[in-house]
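The number in the numbering used here is simply the position in the sequence shown, starting from 1, with 359 added.
Take a look at the structure below.
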Amino acid sequence: MIIRKSPDEIERIARAGALVAETIAHVGEHLVPGVTTAELDDIADAFIRARGGIPTSQGYKGYPRAICISPNDVVVHGIPGDYRVASGDLVTVDVGATLDGAIADSAYTYAVGAIEPEAQRLLDTCQDALWAGIAEARTGNRIGDISHAVQGVVQSAGFSVIRSLVGHGVGRHYHEDPHVPNFGAPGRGPRLSEGMTIAIEPMITMGNPDVLLDDDGWTISTVDGSLSAHFEHTVAITGEGPRVLTPRVGIARERARLLQ
Ligand code: MF3
Ligand code: CO
360 MIIRKSPDEI
370 ERIARAGALV
380 AETIAHVGEH
390 LVPGVTTAEL
400 DDIADAFIRA
410 RGGIPTSQGY
420 KGYPRAICIS
430 PNDVVVHGIP
440 GDYRVASGDL
450 VTVDVGATLD
460 GAIADSAYTY
470 AVGAIEPEAQ
480 RLLDTCQDAL
490 WAGIAEARTG
500 NRIGDISHAV
510 QGVVQSAGFS
520 VIRSLVGHGV
530 GRHYHEDPHV
540 PNFGAPGRGP
550 RLSEGMTIAI
560 EPMITMGNPD
570 VLLDDDGWTI
580 STVDGSLSAH
590 FEHTVAITGE
600 GPRVLTPRVG
610 IARERARLLQ
């Protein structure tokens, strides 16, 4: 069942979304070679709680940490720990925050120091795919229109969409209906209507799209070890078109897109 939210509830999700965006930016400021992902998690946990929020991932289905941090071939759900960030890494910071009972979810893959041109192209493509999906998040369209737009951008660039991981409804619960796949046919799937709030989140790889679940029960990595990227926004379907509820702070390139 898809939960449609009132304008008031969407404002609350937007406040949670602002906290999520600030947290991602704050973690980004500390994302330097030598820092461990456990240290970054502690920083995020303190930041969210100091602002009256709760890290939604903490305790979700037994997840042990405040946020997910996924370096390089780790696609999603990397558990913060002893890993030391190094120059050249691609590090995904995935944050859910609950504020005043409302939940928002967003992810951003940072480049640490100088990275290979092909890795930069992977990041650019994943962001382009997210924004192509967001552009389709309007009343009258269907989920498949989002999925198809995301898939088109990724495949045109010669990269692969991971099929076993999908976006989702969000807002009252961390994961609600509907599923938001990153591949599919236009005109298919649930119809989008005002008040729906969904997390659109392309997860893509440079090589084989198959992924593997680690023995820790959470960490999902590419089977072939190829680099991955993951960008996510929580988006509301409104009468005036898509509204991004987790707009980036301190990231100039994406700010510019919002003004377009
Ligand atoms: N934020 C993740 C998502 O995009 C969910 C993480 S669940 C956790 O859906 F338990 F691993 F944190
Ligand atoms: Co999500």
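Ideal Cβ placement from N, Cα and C applies to all residues, glycine included.
With 16 other Cβ atoms within 10 Å as the buried cut-off, status of residue i
i: L378; result: buried
i: A431; result: According to the sequence shown, residue 431 is Asn rather than Ala. Buried, because 16 or more other Cβ atoms sit within 10 Å of the Cβ of N431.
i: K364; result: buried
i: R501; result: buried
i: A473; result: exposed
i: D367; result: exposed
i: A405; result: exposed
i: E535; result: buried
i: V520; result: buried
i: Y442; result: buried
i: L571; result: exposed
i: P627; result: A question about residue 627 goes unanswered here, because the residues of the chain that appear run from 360 up to 619.
i: A496; result: buried
i: P476; result: exposed
i: E381; result: buried
i: E599; result: exposed
i: M360; result: exposed
i: V434; result: buried
i: V582; result: exposed
i: S429; result: buried
i: G411; result: exposed
i: G609; result: exposed
i: G543; result: buried
As assigned by DSSP and simplified to three states, the class of residue i
i: T396; result: helix
i: I362; result: coil
i: T484; result: helix
i: R607; result: coil
i: E560; result: coil
i: E613; result: helix
C-beta neighbour in chain B for residue i, strict 8 Å
i: S585; result: Absent from the structure is chain B; it holds one protein chain and no more.
Beta strand (DSSP E) runs wholly inside the region 437 to 462, at least 3 long, in chain order: 449 to 458
So, does the region 557 to 568 touch the region 390 to 407, judging by three or more C-beta pairs under 8 Å? no
Considering only residues of the region 369 to 427, which uninterrupted beta strand (DSSP E) runs meet the minimum length of 3 residues and lie entirely inside it, listed in chain order? Unbroken beta strand (DSSP E) runs of no fewer than 3 residues, entirely contained in the region 369 to 427, are not found.
Given 8 Å as the limit, is there contact between the region 553 to 563 and the region 508 to 517, that is, 3 or more CB pairs closer than that? yes
Every unbroken alpha helix (DSSP H) inside the region 465 to 545 [4 residues or more]: Correct list: 476 to 494, 502 to 515.
Check whether the region 470 to 488 touches the region 572 to 589, taking contact to mean three or more Cβ pairs, one atom from each stretch, closer than 8 Å. yes
Would you call the region 528 to 535 and the region 456 to 475 touching, i.e. three or more CB-CB distances under 8 Å? yes
Restricting to runs no shorter than 3 residues, where is the beta strand (DSSP E) found entirely within the region 568 to 609? 570 to 572, 579 to 581, 587 to 589, 592 to 597, 600 to 603
Would you say the region 407 to 422 touches the region 484 to 493, given that touching needs at least three Cβ pairs under 8 Å? no
Taking contact to mean at least 3 C-beta pairs separated by less than 8 Å, is the region 392 to 402 in contact with the region 439 to 454? By the Cβ rule, the region 392 to 402 counts as touching the region 439 to 454, because three or more pairs are nearer than 8 Å.
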